[in-house]
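First residue of the sequence shown: 4, per our numbering; consecutive thereafter. We put the beta carbon where it would ideally sit given N, CA and C, even for glycine. Since the model is a prediction, treat every value here as computed from it, not as a measurement. Encoded as C-alpha cells, the structure appears first; notes follow it.
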Amino acid sequence: MKMVFVCFYEAYPPTSGAASVSYEIARHAGGESYLLQLGSESGENCVGNNLTVMTFAGDSNNKLSKLSALQRLIPALAEKIHSLSPDVVVLEGASWVMYHWLLLRKIRGICPNIKIVYHAHNVEYMLRKEKHGILITGLTRWAEKRILENADRSFAVSEVDRQHFERVYGITTGILPNGVEPDKFDLVSDNDINNLKAAYGLRDKTVLFMGAYAYKPNREAIDFLGWDLPAEPLAAAGKFVLVASAVFGIIVSILVFLSPLAEALGGAVGPELVFFYVLAPFIIAAVFLTNSVQNYPIGAAESEKTKALTYVPE
4 MKMVFVCFYE AYPPTSGAAS VSYEIARHAG GESYLLQLGS ESGENCVGNN
54 LTVMTFAGDS NNKLSKLSAL QRLIPALAEK IHSLSPDVVV LEGASWVMYH
104 WLLLRKIRGI CPNIKIVYHA HNVEYMLRKE KHGILITGLT RWAEKRILEN
154 ADRSFAVSEV DRQHFERVYG ITTGILPNGV EPDKFDLVSD NDINNLKAAY
204 GLRDKTVLFM GAYAYKPNRE AIDFLGWDLP AEPLAAAGKF VLVASAVFGI
254 IVSILVFLSP LAEALGGAVG PELVFFYVLA PFIIAAVFLT NSVQNYPIGA
304 AESEKTKALT YVPE
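Set out below in C-alpha cells:
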C-alpha cells in the first residue's frame, strides 16, 4: 500500500511532540510512504523504512509567510499527491484545520478515488476557544466539523478527545494513540540519569511529566518588569486588534466576492473557495498581530533578563 502523510509544519527532523508523532507514524506505516511537509527550503530525503520526506518551501514557523504562500502550496501539494497516486492520504492535524479543509477539497477535485484520513492531534475548536476570539473559534469549528464529515476516516489520539468529538460534532472517530520509541530510552545510560537527577536535586524514583502544563507567562513577565499593567487592559488590547483586523478582512472579502474579480479567482481555486482564500491572509494577520500585542511583555522581560545577566559593573 502506498501512503502519503501531509504536515503543514516541519515533521522531519522531529523537534517537537507533534513532529515526532507525525514522523514516527509515517516511518512505521509500512509499504511505500511519503511525508509531505512545509519547511524553510525545498528538498527531498530518503530516510529509510521506505519513507521519503518531501519538503515544500513555506516557512512553516512564520504565520504570515505561510499564509502568503498558501495559494501556491495547497495546489502544489495536491498536484504532488496526484502524481504519487497513493492509496491513502493522511492529513496530520496539528496545525490550523482550515489548511486541511482547503487541501481536502483540492484533493477531492483532482483525485476523487483516493482515501483521505484525518489524524487529529487534538480537538482544535476547544483549544482555539480558550485562546482566541469568536471569529477564529467559529471558523475553526466550521472547518473541523466539515473535515470530520468529509474524510473517509478520522482518528483522535485519546478516548477523551474521541468523546469530545462525539459531543461537539456528533461524529464518532477511531483512536490512534500517541506513543514513544522505547528503544531510544536505551541510549540513555544510568550515569546520564544519575547526573541529571543530581543536577535537579531529584531523589528516588521520579515521574517526568512532558506536555503543555498550564502557566501564565504574561503575568510573570509583567511582575518581573514591575509594570502597572493589569491583565484586563492587555487582554482588551489583544481582542481589539483581533476583531478590527478580522472585520476589515471580512469586508474586503465580501467586496471581492461580489466583484468581477471573483470569477477570475474562481477559475483558479474554485468558486466556493474564493471567499476563504481572500479572507485567509487577514485572519492570519489578525492572529499574528494579536499574539504580538499579547506577547510584548514576555519579550520585554526576556530582554531585561538578558541585560541583567550580561551586565558587568565597572
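By how many angstroms is the C-alpha of Lys187 removed from the C-alpha of Asn181? Going by C-alpha positions, Asn181 is about 16 Å away from Lys187.
Hey, Ser98 and Phe11 are a contact pair by Cβ (cut 8 Å); roughly how many whole angstroms apart? Contact holds; Cβ gap of about 4 Å.
Thinking C-alpha only, which one of Gly42, Val91, Pro89 is nearest Ser72? According to the sequence shown, residue 72 is Ala rather than Ser. Among Gly42, Val91, Pro89, the Cα nearest to that of Ala72 belongs to Gly42.
Using the C-alpha atoms, what's the distance from Val259 back to Gly214? With a pLDDT of 44 at Gly214, under the threshold of 50, the modelled position of this residue cannot be trusted, and the question is left open.
Could you check what DSSP says for Ile117 in three-state terms: helix, strand or coil? Reduced to three states, the DSSP call for Ile117 is coil.
From Arg108 to Asn48, what distance separates their C-alpha atoms? In this structure, the straight-line span from the alpha carbon of Arg108 to that of Asn48 is close to 28 Å.
Reduced DSSP secondary structure (H/G/I, E/B, other) of Leu261: Three-state DSSP puts Leu261 in a helix.
Which residues bound the beta strand (DSSP E) around Gly51? Where Gly51 is concerned, the enclosing beta strand (DSSP E) stretches over 46-51.
CB of Phe260 to nearest heavy atom of the ligand SAH: below 8 Å? What this structure holds is no ligand at all, so the ligand SAH is not there to describe.
CA-CA distance, Met101 and Arg206? Distance between the alpha carbons of Met101 and Arg206: 46 Å.
Looking at the structure shown, is Ile178 part of a helix, part of a strand, or coil, going by DSSP? Of the three classes helix, strand and coil, the one that applies to Ile178 here is strand, per DSSP.
Where Ala217 and Glu133 are concerned, what is the direct C-alpha to C-alpha distance, given to the nearest angstrom? Unreliable placement is indicated for Ala217, whose pLDDT of 41 sits below 50; the coordinate value is still reported in the next sentence. Ala217 and Glu133 have their alpha carbons spaced roughly 12 Å apart.
With C-beta atoms as the reference, is Phe285 less than 9 Å away from Ser262? It is not a contact, given that the beta carbons lie outside the stated cut-off.
Taking DSSP as the reference, what is the three-state secondary structure of Ser36? Note: Ser36 maps to strand in three-state DSSP.
Between Asp164 and Thr176, is the Cβ-Cβ spacing less than 9 Å? A contact, by the Cβ cut-off of 9 Å.
Just to confirm before moving on: does the CB-CB distance between Leu138 and Val246 stay below 9 Å? The Cβ atoms of Leu138 and Val246 lie closer than 9 Å to each other.
Over the uninterrupted beta strand (DSSP E) stretch that includes Ser157, give me the two end residues. In the DSSP annotation of this structure, the continuous segment of the beta strand (DSSP E) that includes Ser157 starts and ends at 156-159.
Between Val120 and the rest of its own chain, which residues show a CB-CB distance below 8 Å, the 5 nearest in sequence each way excluded? By the criterion of a C-beta distance shorter than 8 Å, Val120 is surrounded in its chain by Val91, Val92, Val93, Leu94, Ala154, Asp155, Arg156, Ser157, Phe158, once the five residues flanking it on both sides are discounted.
Per DSSP, which one or two residues make a beta bridge with Lys5? Under DSSP, Lys5 shares a beta bridge with Glu35.
Is Gly214 helix, strand or coil by DSSP? Only weak support is given to the placement of Gly214: the predicted model assigns it a pLDDT of 44, under 50, and the value that follows is read from those uncertain coordinates. Gly214: coil per DSSP, three-state reduction.
Quick one: is Leu80 buried, meaning 16 or more other Cβ sit within 10 Å of its Cβ, or exposed? Result: buried.
Between which two residues does the alpha helix (DSSP H) containing Thr143 stretch? From DSSP, the alpha helix (DSSP H) with Thr143 extends over 137-153.
Taking 8 Å as the limit between beta carbons, can you name the residues of its chain near Ser36, skipping five residues before and five after? Here the set comprises Lys5, Met6, Val7, Phe8, Ala29, Arg30, Asn52, Asn53, Leu54, Thr55.
Check this for me: beta carbons of Leu130 and Val160, under 9 Å apart or not? It is not a contact, given that the beta carbons lie outside the stated cut-off.
For the alpha helix (DSSP H) that contains Glu27, what are its first and last residues? Following the DSSP letters along the chain, one finds Glu27 inside the alpha helix (DSSP H) bounded by residues 20-30.
Confirm, please, whether the CB-CB distance from His124 to Gly96 is below 9 Å. In contact: Gly96 and His124 (Cβ atoms closer than 9 Å).
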